[in-house]
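Its first residue numbered 51, the sequence shown is counted upward by one per residue in our numbering. Even for Gly, the Cβ is constructed at its ideal location relative to N, Cα and C. Everything numeric in this text was worked out from a predicted model, so none of it was measured. Shown next, in structure tokens, is the structure this report addresses.
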Amino acid sequence: MGSSQSSQPFSPEQLSRYVSTEPIPPHDEFWKLFLQVDFSPLVGSNVETFFEKLNPACNTLLANNLKSGNVNSLINVFLLSIDKLVADCDNKTDLTCLLHYEIINALLVLLSLQLFTTENCYELVTYKLVFDDKHASQMCKTLLSRFIDQGKSLQSGKGSFILDLADNFDGLYQTICSELDQEETTLILYHLLHRNSLFRNYVLARKDIQNMVLPMLKTIYLAKDTSCRHMYMSLIILLILTEDTEFNKKIHRVRVTAKWYYRSLPEEISLGGLIILVTARTVQFNLLKTRDEYLHINCLAALANMSSQFKNLHPYVCQRLVSLFGVLAKTYERANQELVIIERALRIILEVFNSCLANQMVHNVDLVYNLLYERQIFVPLRNNPAFEDIVKNLEEVLDYFNSKIDGENGPCDDVNDVLAIICNASARWPSHKLQKFPELKFKYVEEEKPENFFIPYVWSLVTTRANLYWNKSPFPAPNV
């Protein structure tokens with residue numbers, strides 16, 4: 051039955067006999083007729099219609115099975131036939147594809163016991179069988195293979211899960227990149243990057259990393275149109291990626307376009323510049339509107355990780371980054387609550403500026419120019435104990451460039467001339483004048499009980515995306 055429709059439906063007589071109180075032994079001829087049903091997957095509303103039609107029969111079976119034992123007989127029929135099914139199995143037929151489809155649905159139904167019990171899932175017999183060491187890795191490998199193939203092939207390999215998977219990292223990467231607009235794909239990517247160092251290293255070494263990053267940036271950018279949890283997962287993945295120095299260098303060498311960005315960007319902007327724009331915009335919107343501390347801390351952590359490798363940032367990127375600081379600084383001045391949240395954000399952005407200038411000043415002339423142009427935003431923070439040490443550092447830099455711009459011939463007003471002076475002066479900047487600060491490095495750390503977030507999240511996706519009909523009544527929170 052499962053999620054299928056029949057071209058030769060069960061006869062009312064067969065169904066009535068199965069759900070009745072009459073015991074049907076496993077060797078009874080009834081089972082051959084009952085189970086010889088051609089089927090194809092249901093789609094859309096047909097799923098709900100099919101299960102609603104079956105619901106009275108299911109309720110009758112629930113009431114009568116203790117006496118008839120027909121569910122147990124059905125399981126025994128399957129067990130008696132399984133050897134023949136495996137021996138005769140041809141992985142290249144459409145029927146086998148549908149068989150896999152039904153098996154996965156059956157596994158989902160069995161695992162959904164977690165939604166309807168207060169017992170710890172690790173104590174459930176089904177979970178013990180599925181997640182036993184002997185079965186878990188092979189099942190995971192097979193499911194990932196099906197995900198990679200997207201239904202094109204059903205041949206499975208043998209041997210080591212890790213080694214077999216590593217042989218097809220390219221296929222896995224390509225499939226993930228093409229499906230990252232789906233929440234379930236983002237969850238798979240998170241789990242692989244967080245738990246599998248081989249795959250993480252493979253991804254970080256890719257030359258086409260933009261194929262993976264751009265869909266995530268779009269998800270973050272279009273937050274109003276996407277699930278907040280989808281955006282969270284995309285941000286966490288971005289944070290994990292920015293922990294790698296080579297990634298932070300590479301993104302400024304890759305040129306990209308983003309038609310989904312609300313305003314016209316230059317024809318080509320660096321991937322690093324686009325990441326800065328999207329994360330800065332998210333921080334500003336969040337701190338001024340939604341006030342979700344977890345969200346903006348992840349954004350700022352990613353910015354901080356990248357800051358020492360900022361290189362040749364586009365003028366618009368520099369303008370938006372400095373503008374973000376200015377907006378938050380003004381908000382901080384007049385805020386009468388949540389000062390700590392904004393104060394922490396301001397401190398991190400100041401450290402981002404400092405890290406960039408300390409490590410990549412010569413490659414960020416436009417950032418220096420924008421900081422000079424907006425230097426008054428630092429004045430109210432100059433004597434604030436939370437910022438004075440790092441503001442002093444930045445003003446040391448700005449004073450140096452101001453003196454070069456004023457020069458012997460008086461102030462220079464032409465933008466191109468000012469940029470040229472900054473470019474020449476940056477090569478002669480006496481870096482020893484700056485106070486040294488610890489390297490900016492943030493690392494993603496999973497919550498103490500990640501299952502409290504991930505298990506309800508996964509089941510919410512299963513119950514809304516899987517081609518199965520689930521009772522509309524609210525599920526109890528899974529017992530983890």
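Sheet register partners of residue 319 (DSSP bridge): If you number the sequence shown from 1, residue 319 lands on position 269. Residue 319 is bridged to 306.
Under the three-state DSSP convention, the category residue 495 falls into: Start at 1 with the first residue of the sequence shown, and residue 495 comes out as number 445. In the structure shown, residue 495 sits in coil (DSSP, three-state: anything other than H, G, I, E or B).
Per-residue DSSP class, three states only, for residue 81: Translated into positions along the sequence shown, residue 81 becomes position 31. Residue 81 falls in the helix class under three-state DSSP.
Exposure label - residue 349; buried when at least 16 CB within 10 Å: Against the sequence shown, residue 349 aligns to sequence position 299. Buried, by the Cβ-count rule.
Cβ neighbour criterion (16 or more within 10 Å) applied to residue 329: On the sequence shown, residue 329 is found 279 positions in, with the first residue counted as 1. The residue is buried, with at least 16 neighbouring Cβ atoms inside 10 Å.
Stretch-stretch touch, CB-based, cutoff 8 Å, three pairs: the segment 224-232 with the segment 253-270: yes
Between the CA atoms of residue 266 and residue 405 - distance to the nearest angstrom: Numbered from its first residue, the sequence shown carries residue 405 at position 355. Numbered from its first residue, the sequence shown carries residue 266 at position 216. Cα-Cα distance, rounded: 26 Å.
Three-way DSSP call (helix, strand, coil) for residue 376 in this model: Translated into positions along the sequence shown, residue 376 becomes position 326. Three-state DSSP puts residue 376 in a helix.
Beta carbon of residue 320 nearer than 9 Å to that of residue 306: Here residue 320 corresponds to residue number 270 of the sequence shown, with the count starting at 1. Here residue 306 corresponds to residue number 256 of the sequence shown, with the count starting at 1. It is a contact, given that the beta carbons lie within the stated cut-off.
Whether residue 239 touches residue 230 by CB criterion (9 Å): By one-based count along the sequence shown, residue 239 stands at place 189. By one-based count along the sequence shown, residue 230 stands at place 180. It is a contact, given that the beta carbons lie within the stated cut-off.
Test item: CB-CB of residue 292 and residue 352 under 9 Å: Taking the sequence shown and counting its residues from 1, one reaches residue 292 at position 242. Taking the sequence shown and counting its residues from 1, one reaches residue 352 at position 302. Yes, Cβ-Cβ distance for residue 292 and residue 352 is below 9 Å.
Range of the contiguous alpha helix (DSSP H) that encloses residue 397: Mapped onto the sequence shown, residue 397 falls at position 347. Taken as a continuous stretch (DSSP letters only), the alpha helix (DSSP H) holding residue 397 covers 389-410.
N- and C-terminal bounds of the alpha helix (DSSP H) containing residue 278: Within the sequence shown, numbered from 1, the residue matching residue 278 stands at position 228. It spans 278-292 - the alpha helix (DSSP H) in which residue 278 sits, taken as one unbroken run.
Endpoints, alpha helix (DSSP H) assigned at residue 301: As a working mapping, residue 301 is identified with position 251 in the sequence shown. Run containing residue 301: none; DSSP gives neither H nor E here.
Span of the alpha helix (DSSP H), counted from its first residue to its last, around residue 251: Against the sequence shown, residue 251 aligns to sequence position 201. Counting along the chain, the alpha helix (DSSP H) containing residue 251 begins and ends at 247-255.
Per-residue burial, residue 360 [other beta carbons within 10 Å of its own, 16 or more giving buried]: Locating residue 360 in the sequence shown gives position 310, where the first residue counts as 1. By the 10 Å Cβ count, residue 360 comes out buried.
Secondary structure of residue 115, DSSP reduced to three states: As a working note, residue 115 is residue 65 in the sequence shown. Of the three classes helix, strand and coil, the one that applies to residue 115 here is helix, per DSSP.
Close beta carbons around residue 368, own chain, < 7 Å, minus the five adjacent residues each side: Numbered from 1 along the sequence shown, position 318 holds the residue referred to as residue 368. So the qualifying residues of the chain are 416, 417 and 420.
For residue 221, the three-state DSSP class (helix, strand or coil): As a position in the sequence shown, residue 221 is number 171, starting the count at 1. Looking at residue 221 - three-state DSSP - the assignment turns out to be helix.
Close Cβ partners of residue 483 (< 8 Å) along its chain, the five nearest in sequence each way excluded: Numbered from its first residue, the sequence shown carries residue 483 at position 433. If we look at residue 483 and ignore the five residues flanking it on each side, its Cβ neighbours are 446 and 450.
Cβ distance (whole Å) where residue 75 is taken to contact residue 123 below 8 Å: What you label residue 75 is simply residue 25 of the sequence shown in a count that begins at 1. What you label residue 123 is simply residue 73 of the sequence shown in a count that begins at 1. Rounded, the Cβ-Cβ distance is 6 Å, consistent with contact.
Start and end residues, alpha helix (DSSP H) containing residue 487: For the purposes of this step, residue 487 is taken as the residue at position 437 of the sequence shown. Run containing residue 487: none; DSSP gives neither H nor E here.
Contacting residues, own chain, Cβ-Cβ under 6 Å from residue 485 (five flanking each side not counted): The residue given as residue 485 occupies position 435 in the sequence shown. Once the five neighbours on either side are set aside, the close Cβ partners of residue 485 are 443.
Sub-9 Å separation of residue 537 and residue 336 beta-carbons: Residue 537 lies beyond the stretch modelled for the chain, which goes from 51 to 530, so this question has no answer here.
Within the segment 411-462, ranges of the alpha helix (DSSP H) (whole runs, at least 4 residues): 415-423 and 438-456
Close beta carbons around residue 473, own chain, < 7 Å, minus the five adjacent residues each side: Walking along the sequence shown from the start, residue 473 turns up at place 423. These residues qualify, in order along the chain: 415.
Among 244, 515, 184 and 253, nearest to residue 218 - alpha-carbon criterion: The sequence position of residue 218 within the sequence shown is 168, counting from 1. Closest by alpha carbon: 253.
Three-pair Cβ contact test at 8 Å for the segment 492-512 versus the segment 297-316: no
Euclidean distance between Cα positions of residue 132 and residue 126: Here residue 132 is taken as the residue at index 82 of the sequence shown, counted from 1. Here residue 126 is taken as the residue at index 76 of the sequence shown, counted from 1. Whole-angstrom Cα-Cα distance: 10 Å.
Exposure label - residue 298; buried when at least 16 CB within 10 Å: Indexing the sequence shown from 1 puts residue 298 at position 248. Answer is buried; the Cβ neighbour count reaches 16.
Under the three-state DSSP convention, the category residue 157 falls into: Here residue 157 refers to the residue found at position 107 of the sequence shown. Three-state DSSP puts residue 157 in a helix.
Collapsed DSSP secondary structure at residue 509 in the structure displayed: Translated into the one-based positions of the sequence shown, residue 509 becomes position 459. In this structure, residue 509 counts as helix in the three-state DSSP scheme.
Closest by C-alpha distance to residue 467, when choosing among 478, 477, 454 and 479: Here residue 467 corresponds to residue number 417 of the sequence shown, with the count starting at 1. Nearest option by C-alpha distance: 454.
Residue 82 versus residue 73: straight-line alpha-carbon distance, rounded: Taking the sequence shown and counting its residues from 1, the one referred to as residue 82 is at position 32. Taking the sequence shown and counting its residues from 1, the one referred to as residue 73 is at position 23. Their backbone Cα atoms lie some 16 Å apart in a straight line.
Same chain only: Cβ atoms within 8 Å of residue 110, ignoring 5 sequence neighbours per side: Counted from its first residue, the sequence shown places residue 110 at position 60. Result list for residue 110: 69 and 70, in chain order.
Check whether residue 101 and residue 519 have beta carbons under 9 Å apart: Working through the sequence shown from its first residue, we reach residue 101 at position 51. Working through the sequence shown from its first residue, we reach residue 519 at position 469. Yes, Cβ-Cβ distance for residue 101 and residue 519 is below 9 Å.
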